[in-house]
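First up is the structure itself, then whatever we jot down about it.
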Amino acid sequence: MLAFAALGNRTALAAGTPGLTTHVLDTANGKPGEGIKIEFSELEGDTYKLLKTVHTNADGRNAEPLMTPENMKTGKFQLVFYVGEYFAKLGTQLPNPPFLEKAVIQFGIADAKSHYHVPILVAPWSYTTYRGS
Numbered sequence: 000m001l002a003f004a005a006l007g008n009r010t011a012l013a014a015g016t017p018g019l020t021t022h023v024l025d026t027a028n029g030k031p032g033e034g035i036k037i038e039f040s041e042l043e044g045d046t047y048k049l050l051k052t053v054h055t056n057a058d059g060r061n062a063e064p065l066m067t068p069e070n071m072k073t074g075k076f077q078l079v080f081y082v083g084e085y086f087a088k089l090g091t092q093l094p095n096p097p098f099l100e101k102a103v104i105q106f107g108i109a110d111a112k113s114h115y116h117v118p119i120l121v122a123p124w125s126y127t128t129y130r131g132s
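Everything in the sequence shown is counted per numbering that gives the first Met the number 0, starting at 0 for the first residue and increasing by one.
And the structure:
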C-alpha cells in the first residue's frame, strides 16, 4: 500500500493512512499560514516532551507528517503554533504584548491505525481547530 503521495514540494499521507498531519490557514488574510513555527510534543507523566519542531510551507503545511504509519501511536499530544511571531512578520499591527502569542492545541490519539489531521484557522485575535480528514 502506498503510504505517501507527492504534492509539489511537500509529502502528504494518502487518504486513510495512519498518521498525524496539520495545516494552518490565516483567516485574517485569506491565505495559508506560511513560515509558522510549530512545536510537536507528547505528554509524559505531567510534562510535555518536545518531539520535533517544524515550519509551515507556502501551503500552510509542514513538509513531512508529524507522525507516519511507522511511528503512529496512541497518547496525549500538543501542538504549539507561534502565531504572534507569524503576524508580526507580516507587519500586522499588534498590541504589545500581542493578544495571542501562541495557539496551543492539546489532543488525544485513541486509534493508532487512523489518520488524525489537526488543522487550525488563525487570526491575531482568535483561533479554532477541529479533527479534519
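Yeah, the Cβ is synthetic: ideal placement off N, Cα and C, and Gly gets one too.
Can you find the residues in the same chain that come closer than 7 Å, C-beta to C-beta, to residue 122, ignoring five residues on each side of it along the sequence?
26, 27
With DSSP run on the structure shown, which of helix, strand or coil describes residue 83?
helix
Quick check for students: name the residue ranges of the alpha helix (DSSP H) that lie wholly in the region 60-122, counting only runs of 4 or more.
82-88
The beta strand (DSSP E) enclosing residue 35, as first and last residue numbers
No beta strand (DSSP E) contains residue 35, which DSSP labels as neither H nor E.
For residue 109 and residue 129, I'd like the C-alpha separation in whole angstroms.
15 Å
What did DSSP end up calling residue 4 once you bin it into helix, strand or coil?
Residue confidence for residue 4 is low, a pLDDT of 43 falling below 50, so the modelled location carries little weight; the figure read from the coordinates is stated next. It is a strand residue.
Cβ-Cβ distance between residue 54 and residue 36 below 8 Å:
yes
Keeping to the same chain, check which residues put their C-beta closer than 8 Å to that of residue 185; ignore five residues upstream and five downstream.
Lying before the first or after the last residue shown, residue 185 is absent from the chain, which here runs from 0 to 132.
Residue 21, enclosing beta strand (DSSP E) - first and last residue:
18-25
Taking just the CA atoms, how far does residue 70 sit from residue 113?
12 Å
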